[in-house]
Amino acid sequence: MKLAKKSLLPVATCAALALTLTACGGGNGSGSQAAAKGSGSTPTVKIMVGGLDKQIYLPVMLAQQLGYYKAQGLDVKLSDEPAGVEAETAMLSGQVDAVVGFYDHNIDLQSKGKSTESVVQLLQAPGEVEMVRSSEAGSIKSPADFKGKHLGVTGLGSSTNFLTQYLEAKNGVKEGQATSVAVGAGSTFVAAMQNKQIDAGMTTEPTISMLEQKHLGQPLIDMRTTAGAKAALGGTYPASSLYMATSYVKKNPATVQKLVNAYVETLKWIQSHTAAQITAKMPADYYSGVGKAVYIKALQNEKGMYSPTGLMPAGGPQTVLKVLSAFDPTVKGHTVDLSKTYTDSFVKKAQ
Numbered sequence: 000m001k002l003a004k005k006s007l008l009p010v011a012t013c014a015a016l017a018l019t020l021t022a023c024g025g026g027n028g029s030g031s032q033a034a035a036k037g038s039g040s041t042p043t044v045k046i047m048v049g050g051l052d053k054q055i056y057l058p059v060m061l062a063q064q065l066g067y068y069k070a071q072g073l074d075v076k077l078s079d080e081p082a083g084v085e086a087e088t089a090m091l092s093g094q095v096d097a098v099v100g101f102y103d104h105n106i107d108l109q110s111k112g113k114s115t116e117s118v119v120q121l122l123q124a125p126g127e128v129e130m131v132r133s134s135e136a137g138s139i140k141s142p143a144d145f146k147g148k149h150l151g152v153t154g155l156g157s158s159t160n161f162l163t164q165y166l167e168a169k170n171g172v173k174e175g176q177a178t179s180v181a182v183g184a185g186s187t188f189v190a191a192m193q194n195k196q197i198d199a200g201m202t203t204e205p206t207i208s209m210l211e212q213k214h215l216g217q218p219l220i221d222m223r224t225t226a227g228a229k230a231a232l233g234g235t236y237p238a239s240s241l242y243m244a245t246s247y248v249k250k251n252p253a254t255v256q257k258l259v260n261a262y263v264e265t266l267k268w269i270q271s272h273t274a275a276q277i278t279a280k281m282p283a284d285y286y287s288g289v290g291k292a293v294y295i296k297a298l299q300n301e302k303g304m305y306s307p308t309g310l311m312p313a314g315g316p317q318t319v320l321k322v323l324s325a326f327d328p329t330v331k332g333h334t335v336d337l338s339k340t341y342t343d344s345f346v347k348k349a350q
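Under numbering that gives the first Met the number 0, think of the first position of the sequence shown as 0, with each following residue one higher.
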């Protein structure tokens with residue numbers, strides 16, 4: 000697969016400037032009973048998210064809105080980066096303590112000699128959709144038709160890039176026959192489709208609904224459900240997770256536990272509330288681009304992608320390894336110890 004330069008859409012770079020939020024806001028939520036409280040100190044944790052306003056990362060802001068970080072005695076500072084690969088880089092360089100992004104980065108990083116691990120799974124399906132530009136719908140009927148096309152991804156080396164490359168390899172599109180273009184998400188993705196800079200692209204809600212509202216694109220492959228992910232990828236594909244360097248986990252187990260407590264509580268809250276109730280807790284600018292009603296409908300349709308427990312789904316790591324090994328020579332050429340790419344220990348203590 001040819002890689003298009005990021006400078007193709009400079010707006011995406013501007014959008015990537017992190018807007019830091021102090022995530023200890025109000026709400027009537029209560030923390031997990033597993034919390035270690037009254038320590039006399041308030042740990043500060045910097046977390047970078049691969050697109051805060053994406054529904055696939057909704058639990059991160061929802062935890063703030065419900066007051067769950069504060070209930071755990073944490074001062075969580077959230078920063079926004081539309082492409083998960085950039086968030087990963089920020090963590091490795093020490094700019095942030097943790098990342099909320101796709102689990103697959105942990106496997107990719109281990110193959111490159113880095114030790115990171117997911118400590119709680121937020122999604123049990125990718126929540127991604129391959130959208131085809133409406134004017135290309137007649138020529139792109141399956142990933143086999145990606146040859147010669149420009150395909151939008153959030154960033155080069157991102158999880159959307161991984162999944163796109165897998166769909167190419169699985170459908171006989173050889174390396175170099177399609178071009179990946181880094182277009183971010185939201186308005187930059189929509190603009191790329193509108194300006195015909197991409198023929199198809201992988202994105203999430205609410206960007207999907209934006210494209211459909213404007214009649215710019217239509218779904219080709221839908222991975223917003225576990226069934227859809229299994230059909231496209233051959234198995235359960237755990238996606239959004241909280242991950243960090245293994246060294247950080249070992250040095251700060253109490254802080255990690257508090258974070259996991261907050262997210263497990265949030266996942267439980269999602270399961271017991273409707274899409275409308277969840278949306279009511281979110282900042283208004285999260286759905287201003289598509290409208291509240293459309294946002295609620297999109298969330299209702301994909302609500303099943305959220306993990307009910309935070310545990311790693313059975314067989315999930317094996318599916319992710321299979322997907323990455325299909326196209327990534329770095330992963331394919333290395334022995335990956337999947338047991339070191341995630342841990343369920345904190346989630347089990349939080350339940």
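The C-beta atom is built at its ideal place from N, Cα and C for all residues, glycine as well.
Per the Cβ contact rule, the stretch 229-236 is not in contact with the stretch 75-93 (fewer than 3 Cβ pairs under 8 Å).
About 11 Å separates the CB atoms of Val84 and Met47; that is not less than 8 Å, and the two are not in contact. Going by C-alpha positions, Arg132 is about 38 Å away from Leu65. Taken through DSSP and simplified to helix, strand or coil, Ser110 comes out as helix. In this structure, DSSP gives Gly126 a state outside helix and strand, which the three-state scheme calls coil. Counting every other CB atom within 10 Å of its CB across the protein chains shown gives Lys173 a total below 16, marking it as exposed. A straight-line Cα-Cα distance of about 5 Å links Ala349 and Asn260. Per the coordinates, the alpha-carbon of Asn194 lies some 12 Å from the alpha-carbon of Val182.
Going by C-alpha positions, Ser271 is about 46 Å away from Gly147.
Secondary structure in the stretch 151-175: the alpha helix (DSSP H) runs of 4 residues or longer, each lying completely within the stretch, are 158-169 in chain order. Contact annotation, Gln120 with Ser240: C-beta distance approximately 5 Å; criterion of less than 8 Å satisfied. Taking C-beta atoms under 8 Å as the contact rule, Thr202 and Pro312 fail to qualify, at a distance of about 23 Å. By the 16-neighbour rule on beta-carbons within 10 angstroms, His149 is buried. If you check the CB distance, Glu301 and Glu211 do not come in under 8 Å. Under the Cβ criterion (8 Å, minimum of three pairs), the stretch 98-110 does not count as touching the stretch 263-270. Within a 10 Å sphere around the beta-carbon of Lys213 sit fewer than 16 other beta-carbons, which makes this residue exposed.
For Ala124, the closest C-alpha among the options Met222, Phe345, Asp52 is that of Met222. Among the bridge pairs identified by DSSP, Ser240 is matched with Gly100, Gln120.
Annotation: the continuous beta strand (DSSP E) that includes Ile220 extends over 216-222. The three-state reading of DSSP puts Ala177 in coil, since its state is none of H, G, I, E or B. The shortest CA-to-CA distance from Lys140 to any of Gly216, Asp327, Val180, Leu298 is the one to Gly216.
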